[in-house]
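To start, the structure under review is shown below, and the notes come after it.
In our numbering, the protein residues as written are 15 to 279.
The following block contains the structure:
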């Protein structure tokens, strides 16, 4: 059974952290993945660093810049995922811009991802209307496609994205770029969630702006999972030891998921 489907079958509400590989320190990616598993992450999203990340706010843009300086690459990401996969079943989802995929060739990208233990891919700048080739190749090899809907998406668009997404839909909670926000939820968000619930036949998760336990609980009230990215990345700013990065990430994700901080030995 696909690892993503297995999680969807066995978990009630999911917490999905996002990391930028090799940020903030060279060599941190694999230990960080292991720490996030220990913290109870249900899936883990890994961003493919890109020089022009149009959907990302300043926090993740900065992390991509640092990651590229630290030698992050598609090959290095896959090497770390492959090593992680030797011990851990947690689904790994890559988030990458379409140019990164095209530069490798769609089929090469999919084959390499699957063969190294990647489970799914999110391509934020690929419109669903232009995704047929990626979908066809991904289906052939078993890579899950996760597409995005936003508050401006029509009911018809939500239905189409739900149909085309393999296992679940990613809901962008607010318009704009990624980034942590002080407030999360509200009437507009609730109306959006009601429309997604009414028009999607797939599970759905919520991302963008989630940075606190209360935000996670609000996301869980409406959706099947919450994605936390910028808030985690920001916690890692200016840390210069791998072990401290792992400890900070472990404690933050444990707190978001469980409402308490467990001590990382």
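Backbone N, C-alpha and C define an ideal beta-carbon position, used for all residues, glycine too.
Given the structure is predicted, the values throughout are model-derived calculations rather than measurements.
Query raised in the report: Among 225, 238, 240 and 229, which has the Cα closest to the Cα of residue 249?
Result: As a first step, residue 249 is located in the chain shown; it is residue number 235 there, counting from the start. Comparing C-alpha distances from residue 249 to each of 225, 238, 240 and 229 shows the shortest one belongs to 225.
Requested in this report: Within its chain, find whatever has a CB closer than 6 Å to the CB of residue 111; leave out the 5 residues flanking it on each side and keep chain order.
Outcome: As a working mapping, residue 111 is identified with position 97 in the chain shown. So the qualifying residues of the chain are 64 and 139.
**Report entry** C-beta atoms of residue 162 and residue 132 nearer than 9 Å
**Finding:** If you number the chain shown from 1, residue 162 lands on position 148. If you number the chain shown from 1, residue 132 lands on position 118. Not closer than 9 Å, so no.
**Report entry** Cutoff 8 Å; reference residue 156; Cβ partners in own chain excluding five residues on either side
**Finding:** Here the question's residue 156 lines up with position 142 in the chain shown. The residues are 16 and 128.
Requested in this report: Could you spell out where the alpha helix (DSSP H) holding residue 45 opens and where it closes?
Outcome: If you number the chain shown from 1, residue 45 lands on position 31. Looking at the DSSP string, the run of the alpha helix (DSSP H) that includes residue 45 is 43-52.
Query raised in the report: Just checking, does the segment 32-46 make contact with the segment 93-110 on the three C-beta pairs under 8 Å criterion?
Result: Short answer: they touch.
Query raised in the report: Any idea what DSSP makes of residue 253, helix, strand or coil?
Result: Your numbering for residue 253 matches position 239 in the chain shown. DSSP places residue 253 in coil when its eight states are reduced to three.
Query - Range of the contiguous alpha helix (DSSP H) that encloses residue 128 - result: By 1-based counting over the chain shown, the position of residue 128 is 114. Counting along the chain, the unbroken alpha helix (DSSP H) around residue 128 starts and ends at 120-129.
Report task. Could you round the C-beta distance between residue 22 and residue 217 to whole angstroms and report it? I think they count as a contact, below 8 Å. Result -> The residue you call residue 22 lines up with position 8 of the chain shown. The residue you call residue 217 lines up with position 203 of the chain shown. Indeed they touch by this definition, with Cβ atoms about 6 Å apart.
Report task. State the Cα-Cα distance for the pair residue 187 and residue 269, rounded to the nearest angstrom. Result -> The residue labelled residue 187 in the question sits at position 173 within the chain shown. The residue labelled residue 269 in the question sits at position 255 within the chain shown. One C-alpha to the other measures close to 21 Å.
Requested in this report: Let me know the secondary structure DSSP gives residue 220 once reduced to three states.
Outcome: Sequence index remark: in the chain shown, residue 220 carries index 206 (1-based). DSSP, reduced to helix, strand and coil, places residue 220 within a strand of the structure shown.
Query raised in the report: Apart from the five residues on each side of it in sequence, which residues of its chain come closer than 6 Å, Cβ to Cβ, to residue 258?
Result: The sequence position of residue 258 within the chain shown is 244, counting from 1. Closer than 6 Å at the Cβ level, and outside the excluded window around residue 258, lies no residue.
Report task. Please confirm whether residue 174 and residue 149 have their CB atoms less than 9 Å apart. Result -> Translated into positions along the chain shown, residue 174 becomes position 160. Translated into positions along the chain shown, residue 149 becomes position 135. No, these two residues do not count as a Cβ contact at 9 Å.
Query raised in the report: Apart from the five residues just before and just after residue 213, which ones in its own chain have a Cβ nearer than 6 Å to its Cβ?
Result: Locating residue 213 in the chain shown gives position 199, where the first residue counts as 1. Answer for residue 213: 169, 172 and 173, listed in chain order.
Query raised in the report: Under a three-way DSSP split, which group does residue 157 fall into?
Result: Position 143 of the chain shown, counted from the first residue, corresponds to residue 157. Correct three-state label for residue 157: coil.
Query raised in the report: Is residue 54 closer than 9 Å to residue 74 when the C-beta atoms are compared?
Result: Position 60 of the chain shown, counting from 1, holds the residue named residue 74. Position 40 of the chain shown, counting from 1, holds the residue named residue 54. With respect to the 9 Å criterion, residue 74 and residue 54 are not classified as neighbours on the basis of their beta carbons.
Query raised in the report: To which residues of the same chain is residue 52 closer than 7 Å at the C-beta, ignoring the five residues directly before and after it?
Result: Position 38 of the chain shown, counted from the start, is the residue given in the question as residue 52. 264, listed in sequence order.
Query raised in the report: Under 9 Å, do residue 27 and residue 239 count as touching if we go by C-beta distance?
Result: Along the chain shown, one-based indexing puts residue 27 at 13. Along the chain shown, one-based indexing puts residue 239 at 225. Yes, the Cβ-Cβ distance between residue 27 and residue 239 is below 9 Å.
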